[in-house]
Structures are given as C-alpha cells and as structure tokens.
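These notes are about the structure you will find just below.
Numbering (the working numbering), first residue to last: 4 to 239.
Encoded structure:
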C-alpha cells in the first residue's frame with residue numbers, strides 16, 4: 004500500500020510530470036525511483052530469462068528449497084511477515100544461521116515454530132490457555148512484561164477502551180468474528196494479538212507512534228487519565 008501511494012500520490016514532488024514512479028526524498032537532494040511498480044512476479048522472471056542478465060543466486064537456492072516464486076523475498080529476517088521464512092536460513096545459509104542464533108535472542112525458536120504454527124507469534128492465528136478468558140489472558144500478558152513496557156501498553160489500551168466506552172460499550176467483547184484481521188474490530192482477543200505481536204505502537208488498535216519528544220509528557224498524562232477513568236489502574 005505504501006508503495007502504491009508513493010506512485011499514485013498527486014501531492015508529491017516528482018522528478019518530471021511524465022515520471023509518476025519518481026518521488027523526491029526529504030530535503031530534495033535525492034529521488035526514490037520505482038520503475039517496476041506495475042510488474043508482476045512472472046514479468047520480472049520473464050525479463051531475466053530473455054535478457055540473460057545476472058541476478059542474486061540466492062533465488063536459485065530458494066527455488067531448490069521449494070519456495071514458490073511469489074514468496075521469494077530478500078529482506079531483513081525478523082519483521083512480522085519475514086519471521087515466517089526464518090526456517091530458510093538454516094537450510095540455505097547454515098553458517099550465517101549459526102551466527103544469527105548466537106547474536107539474536109529467540110532466533111532459534113522462531114526458526115522452529117514461526118514457519119509451521121502461526122499461533123506462536125500470534126500473526127494470523129492465536130490461542131490462549133483454556134482456563135482463561137481473552138481479557139484475563141491479556142491482563143496476564145501485561146503482568147508478565149517488564150513494568151515500563153507493560154505501562155506503555157496499558158496507556159494505549161486504556162485509550163482504546165475509553166473510546167468505546169464513549170460509544171456506549173462499557174467493555175469490549177471477549178471475541179468477535181474476524182476480530183484479528185486487518186479491520187479494527189474491538190475485542191480482548193485483538194488486544195492479545197497486539198501484545199503477542201509486540202505491536203509496540205498498537206497500530207492494530209488504530210494508533211500511530213507518539214513523537215519521542217512528547218512521549219514522557221504523554222505517559223504522565225495518561226497515568227492520570229487512567230486513574231480518572233478507572234481503566235487498567237490499581238483501583239480497578
């Protein structure tokens with residue numbers, strides 16, 4: 004979507020009017036260029052086959068490992084989507100994978116579980132202990148975090164809950180149909196997904212990042228509001 008907006012925006016500064024796939028970088032000293040924005044996967048590989056130009060041999064290894072063409076990507080390994088391909092590292096580049104496991108905490112567990120069971124990272128499907136509701140599970144997850152991190156999430160979730168209170172919903176439901184999809188459908192299960200995803204700025208609850216220069220004031224203000232609202236505070 005961001006790449007599409009970079010192409011289609013009518014407000015951006017372009018290198019030339021007839022080159023919509025160019026965008027001025029901040030400061031105007033460089034240009035972002037997306038000349039292949041309308042190419043499909045088949046178009047790209049057809050061009051390489053006809054032109055005989057060189058390409059990254061890592062794609063050959065991915066093909067040998069059984070990765071479909073549309074899923075072949077070379078990018079950083081630990082993003083929400085990219086985690087699904089961690090298993091490829093120890094297949095394609097075992098020496099690099101060993102270094103990653105030594106350097107990055109949780110890399111090995113991600114390689115074992117992320118590609119086989121999406122419940123592990125709560126990306127598309129999540130589960131909870133049978134004896135807990137989604138609300139109690141969310142509170143448990145908050146209590147298990149470092150206090151600074153937990154307070155950050157409590158502030159965001161409190162605003163979320165307060166917004167729905169103003170709409171006449173005293174508490175959000177435990178679950179709702181399609182509540183962990185892209186559309187923000189309020190539920191405690193969705194809150195759990197945010198926590199399991201480590202969605203620090205709670206984008207899945209329709210928040211945007213707070214400017215770092217304002218964050219401390221925001222945090223102190225929210226602590227007072229939570230006490231006033233009686234939401235996720237020591238009094239509730």
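For each residue, glycine too, the CB sits at the ideal point set by N, CA and C.
Give the DSSP-derived three-state secondary structure of residue i in the structure shown.
| i | result |
| --- | --- |
| residue 36 | strand |
| residue 185 | coil |
| residue 42 | coil |
| residue 10 | helix |
| residue 49 | helix |
| residue 172 | coil |
| residue 134 | coil |
| residue 226 | helix |
Using the C-alpha atoms, what's the distance from residue j back to residue i?
| i | j | result |
| --- | --- | --- |
| residue 23 | residue 17 | 7 Å |
| residue 128 | residue 180 | 13 Å |
| residue 34 | residue 41 | 19 Å |
| residue 27 | residue 7 | 15 Å |
| residue 98 | residue 47 | 30 Å |
| residue 210 | residue 50 | 41 Å |
| residue 168 | residue 162 | 10 Å |
| residue 37 | residue 11 | 12 Å |
| residue 65 | residue 44 | 15 Å |
| residue 56 | residue 19 | 29 Å |
| residue 71 | residue 183 | 26 Å |
How is the alpha helix (DSSP H) around residue i delimited, first residue to last?
| i | result |
| --- | --- |
| residue 27 | No alpha helix (DSSP H) holds residue 27; the beta strand (DSSP E) holding it covers 25-27. |
| residue 18 | Residue 18 -> no alpha helix (DSSP H), and no H or E assigned at all. |
| residue 169 | 150-169 |
| residue 146 | 137-146 |
| residue 65 | 61-67 |
Assuming residue i contacts residue j (C-beta within less than 8 Å), just tell me the rounded distance between them.
| i | j | result |
| --- | --- | --- |
| residue 191 | residue 177 | 5 Å |
| residue 195 | residue 144 | 7 Å |
| residue 235 | residue 157 | 4 Å |
| residue 213 | residue 203 | With 8 Å as the limit, residue 213 and residue 203 do not qualify as a contact, their Cβ atoms being about 10 Å apart. |
At 4 residues or longer, and completely inside the segment 89-118: list those alpha helix (DSSP H) runs for me, N to C.
-> 90-95, 97-106, 110-116
Secondary structure, alpha helix (DSSP H): runs of 4+ residues fully inside the segment 191-218 | 191-199
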